[in-house]
Every structure is written in structure tokens, then in C-alpha cells.
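A.B. asks: Protein sequences, first through last, are from chains A and B.
Each residue of the first sequence is one higher than the one before, starting from 1 at the first, in this note's numbering.
Each residue of the second sequence is one higher than the one before, starting from 1 at the first, in this note's numbering.
Think of the CB as a built atom: it goes at the ideal place given N, C-alpha and C, for glycine as much as any other residue.
Mind looking over this structure? Questions follow.
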Amino acid sequence: MYHSFDAIIVGAGGAGLRAALELGQIGSVAVLSKLYPTRSHTGAAQGGISAALGNTEEDLWEWHMFDTVKGGDYLVDQDAAEVLAQEAVETVYELEHWGLPFDRTPDGKIAQRPFGGHTHHFGQGPVRRSCYAADHTGHMILQTIYQQCVRHNVQFFEEYHVLDLLVQDGVACGVTAYQILTGEIHTFRAKVVLFATGGMGRMFSITSNAHALTGDGPAIALRRGVPLEDMEFFQFHPTGIYKMGILITEAVRGEGGILLNSEGERFMERYSPTLLDLAPRDIVSRSIYLEVQAGRGIQGKDYVYLDASRLGRKVVEAKLPDIADFCRTYLGIDPAVEPMPVQPTAHYAMGGIPTDVHGRVLLDDKNTPLPGFYAAGECACVSVHGANRLGTNSLVDLVVFGRRAGRDMARYLREHDFVPLPDEPECEACDEVERLLAGQGDESVAVIRQELQKSMMDHVGVFRVEAQIEAEVAKIHELQERYRRVSLQDKHKRFNTELLEAIELGYLLDLAEITAASALARQESRGAHTREDYPQRDDERWLKHTLAYRTERGVELKYKPVSITRFEPKPRTY
Amino acid sequence: MQVTLKIQRFNPELDDKPYWKEYQVDVEPGDRLLDALHQVKWYQDGTLAFRRSCAHGVCGSDAMTINSANRLACKLLMKDLGTRVTVEPLRGFPIVKDLVVDMEPFFDKYRSIKPYLINYDPEPPVERYQSPKERARFDDTTKCILCGACTSSCPSFWGNRDYVGPAAIVQAHRFIFDSRDQGANERLEILNDRDGVWRCRTIFNCVRACPREIDVTRAIGEVKKLLLFNRMV
Chain A
1 MYHSFDAIIV GAGGAGLRAA LELGQIGSVA VLSKLYPTRS HTGAAQGGIS AALGNTEEDL
61 WEWHMFDTVK GGDYLVDQDA AEVLAQEAVE TVYELEHWGL PFDRTPDGKI AQRPFGGHTH
121 HFGQGPVRRS CYAADHTGHM ILQTIYQQCV RHNVQFFEEY HVLDLLVQDG VACGVTAYQI
181 LTGEIHTFRA KVVLFATGGM GRMFSITSNA HALTGDGPAI ALRRGVPLED MEFFQFHPTG
241 IYKMGILITE AVRGEGGILL NSEGERFMER YSPTLLDLAP RDIVSRSIYL EVQAGRGIQG
301 KDYVYLDASR LGRKVVEAKL PDIADFCRTY LGIDPAVEPM PVQPTAHYAM GGIPTDVHGR
361 VLLDDKNTPL PGFYAAGECA CVSVHGANRL GTNSLVDLVV FGRRAGRDMA RYLREHDFVP
421 LPDEPECEAC DEVERLLAGQ GDESVAVIRQ ELQKSMMDHV GVFRVEAQIE AEVAKIHELQ
481 ERYRRVSLQD KHKRFNTELL EAIELGYLLD LAEITAASAL ARQESRGAHT REDYPQRDDE
541 RWLKHTLAYR TERGVELKYK PVSITRFEPK PRTY
Chain B
1 MQVTLKIQRF NPELDDKPYW KEYQVDVEPG DRLLDALHQV KWYQDGTLAF RRSCAHGVCG
61 SDAMTINSAN RLACKLLMKD LGTRVTVEPL RGFPIVKDLV VDMEPFFDKY RSIKPYLINY
121 DPEPPVERYQ SPKERARFDD TTKCILCGAC TSSCPSFWGN RDYVGPAAIV QAHRFIFDSR
181 DQGANERLEI LNDRDGVWRC RTIFNCVRAC PREIDVTRAI GEVKKLLLFN RMV
């Protein structure tokens, strides 16, 4: 089937939905999502959305910008960080005007609490910048923006899985997508396309990410010649529930929770004297790893304790009800009394589809845009998070850059017309689907995926070293070759989720290849990318963004400069 | 532990009617039921269809009827389910395939009650003020994740599919009792209908089913009281 819209948005999380709201007045918009919109992973975010409102204590957007730049270990494009910090304030008020039920201060303003890496006066101490709704801020944001989409009758194609981006004469002109219900492949023609498909944590075995997060947007863009930026920078959140990946929000530490090793020591005192347990996530994750390596993991295992007992029951039940529920449900423990077992967990992709501050996708180191193609949210790399993202900055990223992408798309729509589609636009997508359905080989999707996830976690995790990354590159090639021999049990069209998992595995393999290649090449340690064999940050050789292309010759790497405006790179200590 | 999963299968394109299929799985006591379903799908029978995403009870994708009670598959641990577990799709909605039901009727009812903030005053330059007490007034119903467990567990809904259902009323309550909202009367008018709040017979299945532990029946009761006495309670 064939559809025509002025704008197509792929992904119905915070960024995609926010962009959709900018376009309704301008032209026809359709939002495609492989999930029902309220199932999007924005809804799992817990801790808060940061903005320098200054409701509880003095705060300035310049401090927020600085924290973001330093938090990203100076790989952040500072023009993007400036936009983020400035526009955070108005977009948070906008969310409140739309009804977001923030927690409140006694005098009725939006309540704010401390969070990792957010400081006052350029690093002097923690500042209350995170605006929150208990510990389910993401749920409230997703619901609120979706409610506005319902109000404005935004058109949705729910449970449509994007398969391909259509490009003709160097201009984006639509997408093809698989209707999960029927197995039919649809062609959507558009003047502008936005990818807001979220993260790719399912490359790793222990992850906070939903099963749906398989990096569909970046993988498809990659196959269409778009490079992926800074893929070696993947954040491991320090406090996921041991073995389960379920996230325990940083807000626990924001409210006063502390990390303890097997000796009952608050070990962050040694690793981060100023910010302690509220140091940025990459630093805390490394600290936990080092404690475990030194034999101070709980019971000699690879986890530590997160202790919230000092908060008292009232605070835990009022401010952290969801994580109390997780602990009761999955661990049978009461966090107001007992410590939680936690370990570093694959959480967030700082890298992704390169864009400028208007969400326009860029093709090279000269920042040449691909006309008509936009990206926003976790799948994009502006780069506002650099080498490491601060907590609460992702939710801001979604609404600020989702809005900006929407506005620039609206401008583009007014200035441009449709371009013709390529001949047989759906044929490549159809071929891949037919190939998978017809496959008679002896390999299984689940087995290959599990091997990929385990090996990525072991070899391209918190600590990396050349020999192991090289081994991973070889492993990925082996898995890609075995992937060609996958066969499915479900050969029918109706709601065939086995087929979709096979397609998603193809995306994960490509993204893992790019991640490993980028990590192998970067011979320094910066932010979340830690090389045991190159433990220092090396600004002279490596203060630059990676651009990884997929070509017939394999992965090709280029680099582009970082935008530095206000803050000269300095050593990153807290 | 060894567990037998008895799962209802049905592909309308292939089968005349639903049928049961049994699978043996080997699970840890701390595994989620969702993990057991994945074991079946990934290693035994790839044709099994079910929705899931976050795997920790916040997205609402995997609401199902498990041992005759509506639950999220990812919030149940195998040790609490015993060695024979029956898994069926939610009742009251057309079956798409196996454990996947058509959620469109559910979302239609949600959309019908104007689930968005209505405020006709000009927007202030900063946030609208709301006291902690005002905020607490509607806190319970803000937690709804639209999983469908409540509406599909409600005998009044089974008896009459036009009943707007507990979830839609919860969503309306969330706004009616939000001090910043001015659309209470519009929503009350919609719900003041034989198929609105008045279908509710306070059976309480919704409260038992809700994975977010929302006091659904109480919320429905508060809306009924508003309609009866025209008074905020």
C-alpha cells in the first residue's frame, strides 16, 4: 500500500511526539511506531528532567551548559549544549502548561532535586536542577506529550516497523514499513522524514533497555550511506538491579542514597571527593568495576550495594515508590531497610545519527546535510552528550531537540516540494523479508543474538582493551555470516514477531560492528569509553568526533572537530 | 524448576478456533513469566506471538490472563506461579493472534474522555502553581499505564462492550481532580451515561488487576459522587 504525507516521523517516544506537535498546523503528518506510543521507552525514564529554573536555590543555564560539557568529557558540541541549557527552561514550563504533574515545593512551584554531575557555580557542589514526578518522570512526560497528540488529532500508524529510508538523487523522500498485523509492506512518501527511534541497548546482555530498542533508525541510516557518530561512547548506568538490568534511578543517590562495597565502605569517597555518589555515571560505573576487581564486590561477586535506608521510609515511599516496587517485586527486599544489589548496566547511546542543532542529518565532516532527513532523541548525536551523558539530560534532549527538529521540518516543508520516489521503492525491504521467510538454514535468531549480547558485554563494556575488541570484531563477522543462514519457524504473515526479531538482529549486528570498530580505533580514554591500554584522555590526538561509515570494504572511519565556544577542555575531576 | 505452560494459541488465518498448547520450560524461581514465554518462543516455538517491551512493569505491553487473573507477564515471578501455569489473552477484546488482542477499542474509549489538560486561561510565563496537597489529590490516577488489565477484567465490560471501562474513567479522574484543569464538566457530561460511570457495579476486579495498584473503584466512585452531588469530594 502507498501513502503520501508531508512529514513522516518514525518513533513515538518523547522526541518523535514532540516533533509531531510542531507540524500539525503546517501540513499532513503521520507518526509510525513499532509499538503503541505509550509503550515507548521514554516512559521508563525515572529520575527527572533538568532545567535551570532555580526554584529551590539559585541556578543559571550557563552552569547547566558547563556541567553538560564537562560531564561529556569535553566532547560535547558546545553550541548544542548552549541550546539545550537555554531552551530547557521554556520547554519544562511548556510541559507543565500541558499538564505534566510535577512534584511541587511547599509554595507550589516545580520541585527540583540534585542529580549526578549537576553543579552550581561551575562545579562547586551539587545543585537542585532535576525537575521530577516521583520516580516516574519519563512516564509523565510520555503521557503528557501523547495526550497533546490526542488533543490535536495527530495521525498514527501503530505497530508499523520501519524497514528502509527512501532517498532519490540525494534527497530523502519517504520510508517503507512493515505492518505488523498483516505482514504487508507499505510505502510512505514524504517531503521530510524524522527518525526518533530511540536507543540500541539490546546489543548488550545486561541492559536497562526495552526489547524493542534495537537501533532501527541508526542501522537503516547506516545502510543508506549516513555515517554514525561517536558510537564507541555507550553509557553503562551504575545502578541496574544485579543480573536483571532493571534500572534503579540515580535519584536514589540524589535523595541521599550511597554505594557500599563488601566492607561497608562508602567507596565513592575515594574516587570522587567532591560529588561522591553523585559523580557522573561513567565515573561511578568504573568505580564499581574497580571495587569488584579488587575483590570488594558483595560476597565476592560482581555487584555492590546501593543503600537507601538512611533516607527513611517516608522519603522512599513518597519520592521513590516505583523502585521500592521493583525491589519488592523482583528481589523480595524492602529498600527502606535493606540495601539493593546493583551493577553497571548498558543504558544509553551517546552516539548515533549525526545532526546539527536543527535536527538535520549530516553526511560528513563538513556537516553537509541530507536534505529532507532529520533525527532527534537518543538515536541522534547532535552532539549534546559528548562522551558521557548526565542524568536528566536525555529527557531535556528529547523535548528541546524534538521541538527544534519539528520547527525546522516545518520550515523545510514550506520551502520544498515532493521529489519522485525511486522505482519500486519497497523492493529492497521486500527482498530481505522474503529472504528471511524462505530461509532453510540451520541458525537461530535467539542463539546468534545471545552470543552477540554476551560477547559485546564482555569485550566492549565498561573497560576495553585492544585484544578483546579485536576478538569482538572477529566474533561479529562470524555472527553476521551465520545470520545469513537463519531460518524461522513462523512462515506466516499475521503478527509474525519472529520475523521482526530477525530483522532487528540484523540491525544489532551492524551497529555492534560499528561500535567495536569505533572503539578499537579510539586510542584514549574519555567519558564512557575506557581503554585499559590507553588510560589517559588525549586531547591533542583525540579531541574529535568519530564518523563511521559502512561500505563494501567494511567500516570506514573519518573524524570531525568538536565545537568549542565557552569552555576550554580541562581535566575532568569531581 | 520444571514448569508446564499451558498457553492458548489461535491464528485466525489458520485455525477455526482457539486451542491449548502445552510447553515444558526449565526456569529459575526468580525468573519472570515473561522470561518463560521467551524461552518458549526463542527455543521451542517461534510462532508464539505476544507483546512485550520494557520487561519491568512500566510500559504495559504484556498484560495477559495468567492463572485466570489479569497481570503483566513481566511482573510475575515463576516461584509465585507454581508448576502449572495457564496463559490466555485478555478477555473482552478480539484476538489478533495467540496472546495479542486488538487494543483499538480500548484506546478509542480512552480517547473519548478528552484525556488532556483543558485550561482556557492564558499561559503564565512560568509554571502554574499547584500546592503539594492539590498535587496529591490526583496522584493515584496519574500512574495509569493503559495496560488494559482493569477494563478486560471487568464483568460489566464483558457484559457490555460499550461500557467506557475503568481505565478511561481513571484517565478522566486524573484530569477532573487536577486543580489546573477546567474541563471537568465536559468530561463529566461524557461519563454521565448508561455506558459511562453508571455501568460500574463496584465489583472490584479492576483493583485486583491493576499492576500499578491504583485504587480504580475508588476513583470511579469519586466521579460518580461528583455527578450525584455536584461537589468535589
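So, using beta-carbon positions, are B:T202 and B:I220 closer together than 9 angstroms?
C.D. replies: yes
A.B. asks: Is the distance from the Cβ of A:L181 to the Cβ of A:R494 below 9 angstroms?
C.D. replies: yes
A.B. asks: Give the secondary structure of A:P571 by DSSP, where H, G and I count as helix, E and B as strand, and everything else as coil.
C.D. replies: coil
A.B. asks: Measure the CB-CB distance between A:V92 and A:V357 and report whether it falls below 9 angstroms.
C.D. replies: no
A.B. asks: Of all Cβ atoms in chain A, is any one closer than 9 angstroms to the Cβ of B:T142?
C.D. replies: yes
A.B. asks: DSSP three-state call for B:R137: helix, strand or coil?
C.D. replies: helix
A.B. asks: Tell me which residues of the stretch 299-316 of chain A have at least one Cβ-Cβ distance to chain B shorter than 7 angstroms, keeping chain order.
C.D. replies: Listed by position, the residues of the stretch 299-316 of chain A near chain B (Cβ gap below 7 angstroms) amount to none.
A.B. asks: Do you know whose CA, among B:P94, B:Y110, B:L99, lies nearest B:W158's CA?
C.D. replies: B:P94
A.B. asks: Compute the distance between the beta-carbons of A:Y589 and A:A294, then report whether it is under 9 angstroms.
C.D. replies: What is shown of chain A runs 1 to 574, which leaves residue 589 of chain A out entirely.
A.B. asks: What residues in the stretch 51-72 of chain B have a beta carbon less than 9 angstroms from any beta carbon of chain A?
C.D. replies: R51, R52, S53, C54, A55, H56, G57, V58, C59, G60, S61
A.B. asks: Report the option in A:A190, A:Q536, A:Y289 whose CA atom is closest to the CA atom of A:S4.
C.D. replies: Looking from the CA of A:S4, the closest CA among A:A190, A:Q536, A:Y289 belongs to A:A190.
A.B. asks: Check each residue of the stretch 123-134 of chain B: if its Cβ is closer than 7 angstroms to any Cβ of chain D, include it; give the result in chain order.
C.D. replies: Among the protein chains of the structure shown, namely A and B, there is no chain D.
A.B. asks: Taking all protein chains shown into account, decide if A:E250 is buried (16 or more other Cβ within 10 angstroms of its Cβ) or exposed.
C.D. replies: buried
A.B. asks: Within its chain, find whatever has a CB closer than 6 angstroms to the CB of B:R174; leave out the 5 residues flanking it on each side and keep chain order.
C.D. replies: F138, T141, T142
A.B. asks: List, from N- to C-terminal side, the beta strand (DSSP E) runs of 3 residues or more that fit wholly inside the stretch 127-196 of chain B.
C.D. replies: none
A.B. asks: Of all the beta strand (DSSP E) runs that stay within the bounds of the stretch 410-450 of chain A, which reach a length of 3 or more residues?
C.D. replies: none
A.B. asks: Does B:L228 pass the burial test, meaning 16 or more other C-beta atoms within 10 Å, or should it be called exposed?
C.D. replies: Per the 10 Å Cβ criterion, exposed.
A.B. asks: From B:D102 to B:R161, what does the alpha carbon distance come to, in whole angstroms?
C.D. replies: 13 angstroms
A.B. asks: Measure the CB-CB distance between A:S285 and A:P344 and report whether it falls below 9 angstroms.
C.D. replies: yes
A.B. asks: Report the start-end ranges of each beta strand (DSSP E) in the stretch 148-208 of chain A that is 3 residues or longer and not cut off at the edges.
C.D. replies: 155-158, 160-168, 171-179, 185-189, 192-195
A.B. asks: In this structure, does DSSP put B:P12 in helix, strand or coil?
C.D. replies: coil
A.B. asks: Compare the C-beta of B:N205 with all C-beta atoms of chain A and state if any pair is closer than 9 angstroms.
C.D. replies: no
A.B. asks: Determine contact between the stretch 538-558 of chain A and the stretch 43-57 of chain B, defined as no fewer than three beta-carbon pairs at a distance below 8 angstroms.
C.D. replies: no
A.B. asks: Taking all protein chains shown into account, do 16 or more other C-beta atoms lie within 10 angstroms of the C-beta of A:R566, making it buried, or fewer, making it exposed?
C.D. replies: exposed
A.B. asks: I want to see whether chain A comes within less than 9 angstroms of B:V193, judged by CB atoms only; does it?
C.D. replies: The question names Val, yet the displayed sequence has Asp at residue 193 of chain B. It does not: the Cβ of B:D193 has no partner Cβ on chain A nearer than 9 angstroms.
A.B. asks: Going along the stretch 94-118 of chain B in order, which residues come within less than 7 angstroms of chain A, judged by CB to CB distance?
C.D. replies: Per Cβ criterion, the list reads V96, K97, V100, M103, R111, P115, Y116, L117.
A.B. asks: Give a yes or no on whether the minimum CB-CB distance between B:N230 and chain A is below 9 angstroms.
C.D. replies: Cβ-Cβ to chain A under 9 angstroms: no for B:N230.
A.B. asks: Mind checking the stretch 35-47 of chain A against chain B and listing, in chain order, the residues whose C-beta falls within less than 7 angstroms of any C-beta there?
C.D. replies: L35, Y36, T38, R39, H41, G43, A44
A.B. asks: Tell me the rounded alpha-carbon separation between A:V555 and A:I448.
C.D. replies: 21 angstroms
A.B. asks: For B:T217, decide whether its Cβ has a neighbour in chain A, counting only Cβ atoms nearer than 9 angstroms.
C.D. replies: The C-beta of B:T217 comes no closer than 9 angstroms to any C-beta of chain A.
A.B. asks: Can you list the residues of chain A that B:A49 reaches, using a CB-CB cut of under 9 angstroms?
C.D. replies: D490, R494, F495, N496, T497, E498
A.B. asks: Identify, in the order they occur along the chain, each residue of the same chain with its Cβ nearer than 6 angstroms to the Cβ of A:T56, setting aside the five sequence neighbours on each side.
C.D. replies: Q112, R128
A.B. asks: Give the residues from the stretch 521-551 of chain A that approach chain B closer than 8 angstroms (Cβ to any Cβ), ordered along the chain.
C.D. replies: none
A.B. asks: Exposed or buried, A:D277, counting other C-beta atoms within 10 Å across all chains shown (16 or more means buried)?
C.D. replies: buried
A.B. asks: Closer than 9 angstroms, CB to CB, is B:W42 near chain A or not?
C.D. replies: yes
A.B. asks: Touching or not, the stretch 328-346 of chain A and the stretch 154-170 of chain A, by the rule of three or more beta carbon pairs under 8 angstroms?
C.D. replies: no
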